[in-house]
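Take a look at the structure set out below.
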Amino acid sequence: MALQSLDIVRRSATTTPSPQQRQTTEVAKLIDVTKCIGCKACQSACMEWNDLREEVGINEGSYTNPHDLTANSWTLMRFAETEENGTLEWLIRKDGCMHCADPGCLKACPSPGAIIQYANGIVDFHEENCIGCGYCIAGCPFDIPRLSEKDSKVYKCTLCSDRVAVGLEPACIKACPTQALVFGSKEDMIEHANERIADLKERGFENAGLYDPPGVGGTHVMYVLHHADKPELYNDLPKDPVISPTVGLWKGIFKPLATAAIFFTALAGFFHYVTVGPNETEEEDEEKKP
Amino acid sequence: MTTRHSPRSIDRYSPSERLNHWITAITFLMLAFSGLALFHPSMFWFTQVFGGPTWTRILHPYIGVVMFVSFSLLAFKFWRHNFLTRNDIVWLRRIGDVVRNREEGLPEVDRYNAGQKLLFWTMIGTISLLLLTGIVIWRPWFAHYFPIDIVRLALLLHAVCAFVIICGIIVHIYAAIWIKGTLGAMVRGTVTRAWARKHHPGWYKQVTEGEKH
Amino acid sequence: MQVTRRQFFKLSAATLGGSTLTALGFSPREALAEVRTFKLTRTTETRNTCPYCSVACGLILYSLGDKAKNAKSEIIHIEGDPDHPVSRGSLCPKGAGLLGFVHSETRVTFPEYRAPGTRKWKRVTWDFALERIAKLMKEDRDRHFVAKNDKGQTVNRWPTIGFLAASASSNETGYLTHKVLRSLGIVALDNQARV
Amino acid sequence: MTNTWMDIKNANVILVMGGNAAEAHPVGFKWVVEAKAHNKAKLIVVDPRFNRTASVADLYAPIRVGTDIAFLNGVIHYLFEHDAIHHEYVKAYTNAGFVVREDFGFNDGLFTGYDEKTHSYDKSTWQYELDEQGFAKVDETLQHPRCVLNLLKQHVSRYTVDTVCDITGTPKDLYLKVCETVASTAAPNRTLTSLYALGWTQHSIGSQNIRTLAILQLLLGNIGMPGGGVNALRGHSNIQGLTDLGLLSDQLPGYLNLARDHETTRAAYLEKRTPKPLRPGQVNFWSNYPKFHTSLMKAWYGQAATPDNDFGYDWLPKVDQLYDGLRVFDLMAQGRMTGYFCQGFNPLASFPNKGKIVSALSRLKFLVVMDPLATETSEFWQNHGEYNDVKPEEIQTEVFRLPTTCFAEEEGSLVNSSRWLQWHWKGAEPPGQCRTDIDIMAELFLKIRELYRQEGGAFPDPILNLHWPYRIPEAPSAEELAKEYNGYALADIPDSKDPGTVLVKAGQQLSSFTQLRDDGSTACGTWIFCGSWTEEGNQMARRDPTDPTGLGIAPRWAWAWPLNRRILYNRASCDPSGKPWDERRKLIEWDGSKWTGLDVPDFKVDAGPNSGVSPFIMTDEGVARLFARHLMAEGPFPEHYEPFENPLGTNPLHAKVISNPAARVFANDKAVLGDHEAFPYVATTYRLTEHFHFWTKHSKINAPLQPEQFVEIGEELARELGIANGEKVTVRSKRGAIKAVALVTKRIKALKVAGKTVHQIGIPIHWGFTGATRKGYIANTLTPFLGDANTQTPEFKAFLVNVEKDLSELMPHTHKPGETHEERRRPEVLLEDDEPARQVSWLVRILKGRTEV
């Protein structure tokens, strides 16, 4: 399908704007950690829908299996036991791509069309354009993209862009037994989150809150947390994530400036040659040899 | 360097040095183009030269290692001729005249003038840094051994050093075209005596020292 | 099978999208930016129940082909049934991973026999297996059948054969199994309710 | 379950004890989370481990395994102390006022009538005092010292808060909070629902655990109420169905049971099972027993079953004792069993004391395994290294492994935990030569019948006369079988109310078990399933999910037994005068001439309020039993008895009687019971949410979610033994040892019990030596081979172990991102015919362009 048929807000390594005239609703996934029972139905459903099979690893003394996001596991339940808030708590967080409004991966990617941000907010990897350089891994503030050993392409949660494109909800959200995962327009999700936060505050979680970090322009995957003031409790969910300044510098103004500088250096040489002219050694210099 | 000098020309570079130089040059050019392709989208089309974007990303680091090896041979051969002397400082201060082809009254230049020496040391600095940062960001082999902040820093440094060295080499190439006869030195290995006397009097004296007749 | 309302919309949407483009001569030069094609567009839906726990979540099995005779219906995806009042489309990690069970590499697909004392399986035919089992059972029933107990009361039981019935098989299987086993006089009968 | 899954959302308090609903029934748990979100419900979890149900609970209380009765008796005591009783409900709907015989009593751990030698009770004293017409005496004022309520009050008076906390190890403050929250549901408009499973049933005192909860719910008036009830979360998808179909040693379909040896005539058999009412005017539904039994015999033997041969009474076997799984494997171990069938069952992994199971199976003449997967049981004779160290040449058992279809490749119905019969359709052809279980059983039966026709043999009559009306004898269709167990009329059935009209014509499907007759004019395979396939067609295939009032009842979705009743005992949701206890949750009401409402009334439709007919129509008293008379093996009231392997070596309440006096323990199993000196730590086995027993380890999707066997050890114990997280440890019981990764966690706390510190170890069960996960030990290598006194369910949940570091393993190792664990990959055990995976060198992969450069 050509570009027009899909509403793309941003395309990696493309300095000209993509077709984005239409205003479509922005979708969002809400992960309500307070309702999550860590059952990994989302991990199963994600692997099954996307035809992925993870390697059977070993148990390192944790419920988090596999141990980390991989090219085969695009979402992962991270378990953390803490007694910081008085009683024992088992904080379980569904890790995966946050689909940022200002995606670090897309900013870092050098290959045109490898990373696409649709108007509905989904940030999707198009592996056929991915060259496997891994810049996006450096660009992402949440350490999500994973390089596959088999084909050196980078993979991450696509928020089931194929299902959402035909109007279905993502596979993990449909599977979630306790409605810890909810899908809909971003406004609805924020509204739903506020209701949940009100209920949580009644149950004694004063710091319950919504995790929608402004540092990356807000995300299309948001959390409702018991302790929104200490997100690092949840297996170090970044407190206020931003695209790292190093990457900002590297991919920011330095790029066009350096390109121009190189071009002008070459041009300066040519202009110098044309004006000052070459530096020759005349014949008589030959003769004057003693 | 006991070389045979014909009446009109002097040997400046031996065939092995020239070969070494041109390997470094060619690999550098490939690196520059493939690197720039990944540097800015406007130049992404360079990747077609290397057989597609993925091959560009695959080849770049390997060529980088080859260039580093050949450059280090080169550097090992010439580092003795590149110590900055007082004359070089004076030469630099009068860079305005140099650029306007007014060479009278310039201090005596040895085998390499101050510009070339400066370029030499910047190349040593940047290329070794390029190798180091290059390994840190080399996927899929080494990058995952390094924490993500190091990788980010390496990416930035790699880009900055590349920018510096590319500008340097553009000046280097232009200088060869600008000063007629220089290219011959690296292509055929010989320069005219007049060229040597005009551009590198110090070096000329040393080389022709043995020929008293 | 009449095409339900849901399927009709799905069919028309997909074919319309694909056909108009090619009709207008827009055969796309290269895949610039498109999502993965929706893999369930023309699959056949069958309603089923998860075999694992007793919540019995509703399932939709998506199988290849449209039930044409020459297409072997292979299940390519299993999803929750949104109409099911208890599960409402959701599944647990086991249910969501059912495809892994249906296509498991360790599925037994032909009868196997192990002779006493040997170290390996031997592949056999159904006839060999069932005939031999029937003979072994008749032999043992004739020898160990207890018509009367030591007090002379008619008991008609066959205590030397045991049977563990599957608590994941259907009621119909359970009913027929029970009917057959009791007619043979088997009393050592159990199922997972015991553990 | 008495109620439905969706009904849980109506609860005000949810007690998850003796089960781990969030992990074992995650989608069912949706409704607990709904209750919390939309009904302001409180979730209480009482479990030895802080499990994933506790992670979303409002209140978690740790408990020592095997002390649930002490915990709950303490709560009942708390209810009496704080008068948190639903008095009107208890007085009208339970046997609180019934007067018990004078010679009944309990002292020092034993009820009256105990016989030391046979380990059983003479229960004649556990009855009511009867008046002259044979009805039980009832003291309406509840003052009589020997009325049930006072006896119960006196029985639980010993369970003070301190005594209970001392036995269970639960901290006092948490215990009081639990009691307080539970007590709050005594109010008519608040209900508590209990979700329990194997955590309660897999004990030597299992059945009494559930009895205690039932008493608690009756005192709080929660039975029959939406959001209330006693909800057993059954395990397998059709375990409820197979229990209903009676696939147990001494059972027949529909909870009828086989005759005992001494019941030589059918009349004697029926007389004992047709109870006389103990109160006047009660429904006492079991009085219809003869109708159910005759209809069953007509379904099984058709024309051959006639009144003069007592409907084939002698064609069914009689039982002299219960041949439950434990006894059968014990007989097998003694070499007294010839053959054994495992139809979709993996006893090597799921029965206790794996060592005994292996030796038992090895003494069989033949074993038949019918399963879609390669199970451990089918390969018990193969040497799988440390995980199954046997000598194949010494095992003379013939083993047949028959491939069966899985759920997606066959049609039929399953009964879920809340008694819904749901039909499912076939989605694909089975792979290879797989056949359905029906086809295998049918063909096996036909082959045996053929042998008997040709050669004759021992008592061929029941085989030759079995009614086999199926169009394709080798492949009876699911539809034919469903119609058979639903039941059909053999002759025109007149309507008993006005004899002129015909209720059901001959050959038609019956629509209710009230149409069954005992004169042989009706045939019905399972009376409680009558109504599942009526003349209107397959009720089990109905798919209308509408829930008219949002109370969580979808009456037109599939079909629930009995008669599509969704909440049992729903008459008890109204007070005696017919007014619902809680208007917001009105289920049924009396409209002047009959009971109507959302759910099918679980009652005599035309027995109005104050008609004296009580809601519990299945009991001969008509009311619910706080006092269980002779129906329980170890006593009419629940009493705390320690597990057979317990950390104290005594019973704090009565040292003379430590464990369940009525439990049956074979001599050779008693000999291998460990004591707390040699095995100081308490262990319990359980399930994880990522795996279903030993089944999902064959799935490539579930295997990575829990790849390797581990045991959970509390931080205090780990520190004491110097065990680091991720290290391998050896867990040893008297019966065997397993090796697993140690998962050191804060979620298991050491408990203070009777002045001692008791550590508890958690052992998930899901690993074995076949399937996609890493090879592991069968967890049941450790468990004791003894069961509950009533049901013989093995005591998997409470036994003693010792834990040691396994030094053969590498030191603990923290994972670095992107690491591939090559150096930590444990060598897989290679069978003789497994070729080791071929290692392709990096260069070869490069030249073939297969690897990434």
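Chains as they are written, first to last, in this note's numbering: chain A, 89 to 378; chain B, 7 to 219; chain C, 16 to 210; chain D, 86 to 938. Beta carbons: idealized from backbone N, C-alpha and C, even for Gly. Please read these numbers as outputs of a predicted model, since none were measured by experiment.
Test item: CB-CB of residue i and residue j under 8 Å
| i | j | result |
| --- | --- | --- |
| D/Gln428 | D/Asp522 | yes |
| B/Trp201 | A/Thr369 | yes |
| A/Cys260 | A/Cys134 | yes |
| D/Ser502 | D/Ala639 | no |
| A/Pro233 | B/Pro47 | no |
| D/Val939 | D/Ala155 | Outside the shown range of chain D, which is 86 to 938, sits residue 939 of chain D, and nothing can be said about it. |
| D/Ser380 | D/Gly572 | yes |
| D/Asn431 | C/Gly115 | no |
| D/Leu355 | D/Tyr386 | no |
| A/Leu321 | A/Leu164 | no |
| A/Gln131 | A/Ser161 | yes |
| D/Gly314 | D/Ile652 | yes |
| C/Ala144 | D/Phe485 | yes |
| D/Gly83 | C/Ser184 | A query on residue 83 of chain D cannot be resolved here, the shown segment of chain D reaching from 86 to 938 and no further. |
| D/Ala827 | A/Gly149 | yes |
| C/Val7 | C/Cys72 | Here chain C covers residues 16 to 210 and nothing more, so residue 7 of chain C does not appear. |
Opposing strand residues paired with residue i [DSSP bridges]
| i | result |
| --- | --- |
| A/Met310 | A/Leu118 |
| D/Tyr771 | D/Pro849 |
| D/Phe191 | D/Phe196 |
| D/His725 | DSSP, once it has assigned bridges, lists no residue as partnering D/His725. |
| D/Pro579 | D/Val587 |
| D/Cys659 | D/Pro665 |
| A/Lys182 | A/Met165 |
Burial state of residue i (16 or more Cβ within 10 Å)
| i | result |
| --- | --- |
| D/Asn274 | exposed |
| C/Arg138 | exposed |
| B/Asn107 | exposed |
| A/Arg284 | buried |
| A/Asn217 | buried |
| C/Pro108 | buried |
| D/Gly592 | exposed |
| C/Ala38 | Reliability of the predicted coordinates at C/Ala38 is poor, the pLDDT of 41 falling under 50, and no value is obtained from them. |
| A/Asn153 | buried |
| D/Ala353 | exposed |
| D/Leu895 | For D/Leu895, the pLDDT reaches just 47, beneath the cut-off of 50, and the residue's location in the model is therefore unreliable, although a value from the coordinates is still provided. Burial call: exposed. |
| D/Gly740 | Contrary to the premise, residue 740 of chain D reads as Ala rather than Gly in this sequence. Under this definition D/Ala740 is an exposed residue. |
| D/Trp390 | Residue identity differs from the one stated: residue 390 of chain D is Ala in this sequence, not Trp. Its Cβ being crowded by 16 or more others within 10 Å, D/Ala390 is buried. |
| D/Gly219 | exposed |
If you measure beta-carbon to beta-carbon, which residues of the stretch 309–328 of chain D are closer than 8 Å to chain C?
Within the stretch 309–328 of chain D, the qualifying residues are Leu318, Arg319, Gly320, His321, Ser322, Asn323, Ile324, Gln325, Gly326, Leu327, Thr328.
For the stretch 168–191 of chain A, enumerate the residues whose C-beta is nearer than 7 Å to any C-beta of chain D, in chain order.
Glu169, Glu171, Leu176, Trp178, Ile180
Residues within the stretch 78–102 of chain C neighbouring chain D, beta-carbon criterion of under 8 Å
Ser78, Lys87, Ser88, Glu89, Ile90, Ile93, Asp98, His99, Pro100, Val101, Ser102
Residues in the stretch 218–231 of chain A with C-beta within 9 Å of chain B's C-beta atoms, listed in sequence order?
Cys218, Ile219, Gly220, Cys221, Gly222, Tyr223, Ile225, Ala226, Gly227, Cys228, Asp231
Ordered list of alpha helix (DSSP H) runs contained in the stretch 156–198 of chain B, each at least 4 residues
Counting whole runs of 4 or more residues, the stretch 156–198 of chain B contains the alpha helix (DSSP H) stretches 188–193.
Near-chain C residues of the stretch 283–311 of chain A (beta-carbon distance less than 7 Å), N- to C-terminal order:
none
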